[in-house]
(Lines of atoms letter the chains of each structure in order from A; the text may use other names.)
(Lines give C-alpha, C1' and ligand atoms only; values in the text may rest on other atoms or scores of the structure.)
Protein backbone atom coordinates (compact mmCIF):
# COMPACT_ATOMS: atom_id res chain seq x y z
CA UNK A 554 0.00 0.00 0.00
CA UNK A 555 1.42 3.40 -0.95
CA UNK A 556 1.35 6.70 0.90
CA UNK A 557 -2.21 7.49 -0.23
CA UNK A 558 -3.47 4.11 0.99
CA UNK A 559 -2.81 5.14 4.59
CA UNK A 560 -4.48 8.58 4.50
CA UNK A 561 -7.67 7.41 6.21
CA UNK A 562 -5.78 5.62 8.98
CA UNK A 563 -3.51 8.63 9.49
CA UNK A 564 -6.62 10.79 9.93
CA UNK A 565 -7.63 8.47 12.79
CA UNK A 566 -4.14 8.90 14.29
CA UNK A 567 -4.53 12.67 13.95
CA UNK A 568 -7.79 12.42 15.92
CA UNK A 569 -5.85 10.64 18.69
CA UNK A 570 -3.23 13.42 18.53
CA UNK A 571 -5.92 16.05 19.07
CA UNK A 572 -7.05 14.18 22.20
CA UNK A 573 -3.47 14.41 23.50
CA UNK A 574 -3.45 18.17 22.97
CA UNK A 575 -6.66 18.45 24.98
CA UNK A 576 -4.85 17.09 28.06
CA UNK A 577 -1.77 19.29 27.62
CA UNK A 578 0.36 16.68 25.90
CA UNK A 579 2.24 17.20 22.64
CA UNK A 580 -0.28 16.18 19.94
CA UNK A 581 1.02 12.85 18.66
CA UNK A 582 -1.31 9.96 17.91
CA UNK A 583 -0.74 6.35 16.89
CA UNK A 584 -2.65 3.26 15.81
CA UNK A 585 -1.63 -0.36 15.39
CA UNK A 586 -3.30 -2.26 12.59
CA UNK A 587 -3.52 -6.03 12.84
CA UNK A 588 -2.61 -8.29 9.93
CA UNK A 589 -6.14 -7.97 8.53
CA UNK A 590 -6.08 -4.15 8.69
CA UNK A 591 -8.32 -3.67 11.72
CA UNK A 592 -7.27 -1.36 14.55
CA UNK A 593 -5.89 -3.46 17.44
CA UNK A 594 -4.29 -0.62 19.41
CA UNK A 595 -4.69 3.14 19.84
CA UNK A 596 -2.47 5.59 21.58
CA UNK A 597 -1.73 9.24 22.09
CA UNK A 598 0.93 11.07 24.02
CA UNK A 599 0.00 10.87 27.70
CA UNK A 600 3.25 11.90 29.40
CA UNK A 601 1.76 14.96 31.09
CA UNK A 602 -1.56 13.28 31.83
CA UNK A 603 0.06 10.22 33.47
CA UNK A 604 3.34 11.79 34.66
CA UNK A 605 5.04 8.95 32.77
CA UNK A 606 8.10 9.67 30.59
CA UNK A 607 7.46 6.50 28.56
CA UNK A 608 3.83 7.32 27.71
CA UNK A 609 4.54 8.24 24.10
CA UNK A 610 1.75 7.59 21.59
CA UNK A 611 3.60 4.66 20.01
CA UNK A 612 4.27 2.93 23.34
CA UNK A 613 0.65 3.36 24.45
CA UNK A 614 -0.58 1.93 21.11
CA UNK A 615 1.91 -0.97 21.16
CA UNK A 616 0.86 -1.90 24.72
CA UNK A 617 -2.82 -1.84 23.71
CA UNK A 618 -2.13 -3.98 20.63
CA UNK A 619 -0.14 -6.51 22.65
CA UNK A 620 -2.98 -6.74 25.17
CA UNK A 621 -5.52 -7.16 22.36
CA UNK A 622 -3.48 -9.90 20.69
CA UNK A 623 -2.36 -11.56 23.91
CA UNK A 624 1.27 -11.45 22.82
CA UNK A 625 4.17 -9.02 22.81
CA UNK A 626 4.99 -10.19 19.29
CA UNK A 627 3.19 -7.90 16.86
CA UNK A 628 4.34 -9.58 13.66
CA UNK A 629 2.03 -8.85 10.77
CA UNK A 630 1.07 -5.51 12.35
CA UNK A 631 1.52 -1.94 11.11
CA UNK A 632 2.21 1.02 13.41
CA UNK A 633 0.80 4.30 12.08
CA UNK A 634 1.97 7.44 13.90
CA UNK A 635 1.68 11.16 13.19
CA UNK A 636 5.34 11.93 13.98
CA UNK A 637 8.59 10.13 13.21
CA UNK A 638 9.37 7.95 16.25
CA UNK A 639 12.10 8.80 18.76
CA UNK A 640 14.83 6.30 19.73
CA UNK A 641 12.72 4.75 22.51
CA UNK A 642 9.71 4.22 20.26
CA UNK A 643 11.77 3.05 17.28
CA UNK A 644 13.47 0.51 19.53
CA UNK A 645 10.13 -0.64 20.94
CA UNK A 646 8.61 -1.25 17.53
CA UNK A 647 11.67 -3.24 16.47
CA UNK A 648 11.49 -5.33 19.66
CA UNK A 649 7.75 -5.89 19.13
CA UNK A 650 8.51 -7.24 15.63
CA UNK A 651 6.12 -4.78 13.95
CA UNK A 652 6.22 -5.45 10.19
CA UNK A 653 5.58 -1.92 8.97
CA UNK A 654 5.94 1.63 10.25
CA UNK A 655 3.93 4.42 8.64
CA UNK A 656 4.53 7.96 9.89
CA UNK A 657 3.51 11.50 9.01
CA UNK A 658 5.85 14.38 9.84
CA UNK A 659 9.61 14.16 10.20
CA UNK A 660 11.11 15.02 13.59
CA UNK A 661 14.41 16.82 12.93
CA UNK A 662 15.09 17.22 16.68
CA UNK A 663 14.53 13.65 17.90
CA UNK A 664 13.61 11.42 14.96
CA UNK A 665 15.13 7.94 14.93
CA UNK A 666 13.83 6.74 11.56
CA UNK A 667 16.15 8.76 9.36
CA UNK A 668 16.28 12.31 10.74
CA UNK A 669 18.93 11.98 13.49
CA UNK A 670 19.31 8.22 13.73
CA UNK A 671 17.96 5.27 11.78
CA UNK A 672 17.27 2.67 14.44
CA UNK A 673 14.73 0.68 12.43
CA UNK A 674 17.12 0.06 9.53
CA UNK A 675 20.18 -0.81 11.64
CA UNK A 676 21.53 -4.07 10.19
CA UNK A 677 22.91 -5.08 13.58
CA UNK A 678 19.38 -5.57 14.91
CA UNK A 679 17.42 -8.79 14.39
CA UNK A 680 14.35 -7.12 12.89
CA UNK A 681 13.91 -4.32 10.37
CA UNK A 682 10.37 -3.16 9.57
CA UNK A 683 9.31 -1.68 6.28
CA UNK A 684 9.08 2.13 6.58
CA UNK A 685 6.74 4.54 4.81
CA UNK A 686 7.06 8.19 5.81
CA UNK A 687 5.36 11.39 4.76
CA UNK A 688 1.72 10.26 4.99
CA UNK A 689 -0.33 13.46 5.47
CA UNK A 690 2.95 15.07 6.56
CA UNK A 691 1.63 18.61 6.12
CA UNK A 692 -1.43 17.97 8.30
CA UNK A 693 0.62 16.20 10.96
CA UNK A 694 3.28 18.94 10.95
CA UNK A 695 0.71 21.74 11.05
CA UNK A 696 -0.97 20.27 14.14
CA UNK A 697 2.38 20.12 15.94
CA UNK A 698 3.50 23.56 14.77
CA UNK A 699 0.23 25.13 15.92
CA UNK A 700 0.45 23.47 19.33
CA UNK A 701 4.06 24.56 19.88
CA UNK A 702 3.33 28.11 18.70
CA UNK A 703 0.46 28.39 21.17
CA UNK A 704 2.57 27.02 24.02
CA UNK A 705 5.47 29.32 23.29
CA UNK A 706 3.14 32.34 23.52
CA UNK A 707 1.79 31.13 26.87
CA UNK A 708 5.30 30.48 28.22
CA UNK A 709 6.67 33.88 27.15
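Residue numbers (the numbering used here): 554 to 709. Beta carbons: idealized from backbone N, C-alpha and C, even for Gly.
To the nearest angstrom, how far is it from the Cα of residue 693 to the Cα of residue 567?
CA-to-CA, the gap between residue 693 and residue 567 works out to about 7 Å.
Cβ atoms of residue 639 and residue 663: under 8 Å apart, would you say?
Contact: yes.
Taking all protein chains shown into account, do 16 or more other C-beta atoms lie within 10 angstroms of the C-beta of residue 699, making it buried, or fewer, making it exposed?
Residue environment for residue 699: exposed (fewer than 16 other C-beta atoms within 10 angstroms of its C-beta).
Based on the DSSP output, what are the partners of residue 671 in its beta bridges?
Answer is 666.
The alpha helix (DSSP H) enclosing residue 658, as first and last residue numbers
Taken as a continuous stretch (DSSP letters only), residue 658 belongs to no alpha helix (DSSP H), being part of the beta strand (DSSP E) at 653-658.
Taking all protein chains shown into account, do 16 or more other C-beta atoms lie within 10 angstroms of the C-beta of residue 665, making it buried, or fewer, making it exposed?
By the 10 Å Cβ count, residue 665 comes out buried.
Nearest candidate by alpha-carbon position, reference residue 588, set 622, 672 and 642:
It is 622.
Taking the straight line between their C-alpha atoms, what separation do you get for residue 572 and residue 675?
Straight-line spacing of the CA atoms in residue 572 and residue 675 works out to 33 Å.
Considering only the alpha carbon of each residue, which of 601, 584, 610 and 576 lies closest to residue 653?
The residue with the shortest Cα to Cα distance from residue 653 is 584.
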